[in-house]
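> One structure, as structure tokens, below. Some questions next.
There are 2 protein chains.
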Amino acid sequence: MTKDEVFVEVAAKGFKSNLERADKLFSRLSEDELHREIAPGKNRVVYLWGHLTSVNDLMIPLLGIGERLHPEFDELFLSNPDRKFELPATRPVMAAWDQANAKLLKGVEAFSTDDWLLKHGSVSEEDFAKDPLRNRFAILLSRTSHLAYHLGQVVPAVK
Amino acid sequence: MTKDEVFVEVAAKGFKSNLERADKLFSRLSEDELHREIAPGKNRVVYLWGHLTSVNDLMIPLLGIGERLHPEFDELFLSNPDRKFELPATRPVMAAWDQANAKLLKGVEAFSTDDWLLKHGSVSEEDFAKDPLRNRFAILLSRTSHLAYHLGQVVPAVK
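Chains as they are written, first to last, in this note's numbering: chain A, 1 to 159; chain B, 1001 to 1159.
Shown next, in the form of structure tokens:
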């Protein structure tokens, strides 16, 4: 393994292990647990599941993999807080989560180490020239932390 | 910047931004907020602050920077759950947090990119030869996620 490959492999492994942990956690929850609040008056667990689905779905274009699959979730889970809208049943959230993650992971598997250093999808060429840290690798790491952040909220609410 | 430097810089920036976020959050909390539970019957905020202090303090030897500063915290915040012991006053926790982070960050600043690929302090030479991913860089990323995980718990409890 080259040095670059080690850096990338450690980071990809960290993302995947957080994703697997989330997947195991969410998929075994009852409807009652999914509708619990993480703290009094705060987000419900199912909202966070939808939120993480939207965020992972958005990683697909951000990493240059292709078109995202579920832009219709953004209004429910990204641009508005919980309880603004009636949430959909659990099954469509679960299906979207599986689909988005499958496309994302398949895309990422095909990346070379250099691909990770390309600019991400929401920075201009001009801004990227000034700051090469605004790359796909930065998206991977920030989304890993974001996933861990919300996992930390869900675990004590359902255990 | 070389490619290696970009990978390392993105990761170091992610760790530091989570650390700064935690620092701002914890240091502005009242005694009342520090003694709140993150969920009914779960850890109190001050326990998590101490826990993160122990974990960061332990990063000092794990990354080969030097001797850790506060092993006396482990019994309170690492090897036992909250409420097993009476917790110390807030001030010593805050002082230890500041000291451990200062030593950790100073040590990390001096790392070359190759230093990040050296084995971490709790893996044997033999096991590291079999799995070069058990390096210091992996510690940095896993501790970033761990920090984000607990930040996610503290934020809704105190806001």
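For each residue, glycine too, the CB sits at the ideal point set by N, CA and C.
#1: For a contact meaning CB atoms closer than 9 Å, what does Met1059(B) contact in chain A?
#2: Using a Cβ-Cβ distance cut-off of 8 Å, determine whether Pro81(A) contacts chain B.
#3: Leaving out five residues on either side along the sequence, give the residues of the same chain with a beta carbon under 6 Å from the beta carbon of Leu78(A).
#4: Counting only Cβ pairs nearer than 8 Å, list the residues of chain B close to Gly64(A).
#5: Please identify, using Cβ separations under 8 Å, the residues of the segment 34-55 of chain A that lie next to chain B, in order along the chain.
#6: Give me the chain A residues within the contact set of Glu1009(B), using Cβ-Cβ distance strictly less than 7 Å, ordered along the chain.
#7: Counting contacts by CB-CB distance shorter than 8 Å, is Asn1018(B) in contact with chain A?
#8: Where does Lys119(A) sit, in a helix, a strand or coil, going by DSSP?
#9: Give the secondary structure of Arg44(A) by DSSP, where H, G and I count as helix, E and B as strand, and everything else as coil.
#10: DSSP on Asn18(A), reduced to helix/strand/coil?
#11: Contact defined as beta carbons within less than 8 Å: I believe Lys13(A) pairs with Leu1133(B). What is the distance between those atoms, to the nearest angstrom?
#12: What is the C-beta distance between Leu87(A) and Gly50(A), in whole angstroms, given that I count them as a contact (C-beta under 8 Å)?
#13: For Ser1103(B), I'd like the list of residues in its chain whose CB is within less than 8 Å of its CB, leaving aside the five on either flank, ordered along the chain.
#14: Asp1004(B) versus chain A: which residues are under 9 Å apart at the beta carbon?
#15: Where does the unbroken alpha helix (DSSP H) through Ile139(A) begin, and where does it stop?
#16: Distance cutoff 8 Å, beta carbons only. Does Lys1119(B) sit that close to anything in chain A?
#17: Report the partner residues of Glu1037(B) according to the DSSP bridge assignment.
#18: Determine whether the Cβ of Thr1090(B) lies closer than 8 Å to any Cβ atom of chain A.
#19: In the DSSP assignment, the alpha helix (DSSP H) including Phe85(A) goes from what residue to what residue?
#20: Is Gln1153(B) closer than 8 Å to Gly152(A) when the C-beta atoms are compared?
#21: Under the three-state reduction of DSSP, which class applies to Glu126(A): helix, strand or coil?
#22: How big is the Cα-Cα spacing for Val1093(B) and Phe1026(B)?
#23: Cβ closer than 8 Å: which chain B residues qualify as neighbours of Leu151(A)?
#24: Output yes if chain B places a C-beta closer than 8 Å to the C-beta of Pro156(A); else output no.
#25: Under a Cβ-count criterion, where at least 16 other Cβ atoms within 10 Å of its own Cβ denotes burial, should Thr1144(B) be classed as buried or exposed?
#26: Got a sec? Which residues, its chain only, sit under 7 Å from Gln99(A) by beta carbon, not counting five neighbours each side?
#27: Identify whether Asp131(A) lies in helix, strand or coil by the three-state DSSP scheme.
#28: Mind pulling the chain B residues with CB within less than 8 Å of Gly14(A)?
#29: Please report the residue range of the alpha helix (DSSP H) in which Leu76(A) lies.
#30: My understanding is that Leu117(A) touches Lys1003(B), with C-beta atoms under 8 Å, so please give their C-beta distance in whole angstroms.
#31: Report all residues from its chain with a CB closer than 7 Å to the CB of Lys1148(B); omit the five preceding and five following residues, and keep chain order.
#32: In whole angstroms, what separates the C-alpha of Arg83(A) from that of Ile1139(B)?
#33: When you compare only the Cα positions, how much space is there between Phe7(A) and Lys130(A)?
Looking at the atomic coordinates:
#1: Result: empty, since nearest Cβ-Cβ is about 16 Å, beyond 9 Å.
#2: no
#3: Ser54
#4: Those within 8 Å of Gly64(A) in chain B number zero; the least Cβ separation is about 17 Å.
#5: Ile38, Ala39, Lys42, Asn43
#6: Leu133
#7: yes
#8: strand
#9: strand
#10: helix
#11: 7 Å
#12: About 7 Å separates the CB atoms of Leu87(A) and Gly50(A); that is less than 8 Å, so the two are in contact.
#13: It should be pointed out that residue 1103(B) corresponds to Lys in this sequence rather than to Ser. Ile1060, Ile1065, Gly1066, Leu1069.
#14: Result: Lys3, Asp4, Phe7.
#15: 136-158
#16: no
#17: Arg1044(B)
#18: Not flagged as an interface residue toward chain A: Thr1090(B), since no C-beta distance is shorter than 8 Å.
#19: Looking at the DSSP string, Phe85(A) is not in any alpha helix (DSSP H), and its letter there is neither H nor E.
#20: yes
#21: helix
#22: 11 Å
#23: Tyr1149, Gly1152
#24: yes
#25: buried
#26: Leu69
#27: coil
#28: Think of a sphere of 8 Å around the beta carbon of Gly14(A): the chain B residues whose beta carbon falls inside it are Ala1138, Leu1141, Ser1142, Ser1145, in chain order.
#29: 74-77
#30: 6 Å
#31: A small correction: the amino acid at residue 1148(B) is Ala; Lys does not occupy that position in the sequence shown. Here the set comprises Asn1018.
#32: 38 Å
#33: 23 Å
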